[in-house]
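Residue numbers (our numbering): 3 to 111.
For reference, the structure discussed in these notes is given below.
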Ligand SMILES: [Zn+2]
Ligand SMILES: [Zn+2]
């Protein structure tokens, strides 16, 4: 679902374009532009959102890091996944999930 940048009404797909369903507005965007805009907003999301989206990740069976300490329970082992959350030339971020209590956190390299 996409919404008009101008008035917030629902955008309808019109061939290669998206058009505002509000007849007083009729704001139109090319679909490619819309995709680019969504990509920017994804990059601009807050740290909390990044953690949120990583919650769907299935940590079971992932590699285990034993050089960590859970801030929540002090356990020394956690599953981790590595994700590229920033630009390609930035180091990836490690996401941890405590094997003891399930607490999740992230580490900046
Ligand atoms: Zn509109
Ligand atoms: Zn823990």
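Yeah, the Cβ is synthetic: ideal placement off N, Cα and C, and Gly gets one too.
Separation of residue j from residue i, as counted between CA atoms
| i | j | result |
| --- | --- | --- |
| residue 64 | residue 110 | 19 Å |
| residue 72 | residue 108 | 11 Å |
| residue 83 | residue 61 | 7 Å |
| residue 31 | residue 21 | 7 Å |
| residue 77 | residue 91 | 32 Å |
| residue 8 | residue 16 | 17 Å |
| residue 6 | residue 89 | 28 Å |
Neighbour flag for residue i against chain B, beta carbons, 8 Å
| i | result |
| --- | --- |
| residue 11 | Considering every chain present, this structure includes no chain B. It has just one protein chain. |
Option in the options with minimal Cα separation from residue i
| i | options | result |
| --- | --- | --- |
| residue 19 | 4, 26 and 9 | 4 |
| residue 101 | 95, 68, 94 and 10 | 68 |
| residue 75 | 86, 103, 66 and 99 | 103 |
With 16 other Cβ atoms within 10 Å as the buried cut-off, status of residue i
| i | result |
| --- | --- |
| residue 80 | buried |
| residue 99 | buried |
| residue 13 | buried |
| residue 87 | buried |
Residues that residue i bridges to, as DSSP identifies them
| i | result |
| --- | --- |
| residue 80 | 67 and 100 |
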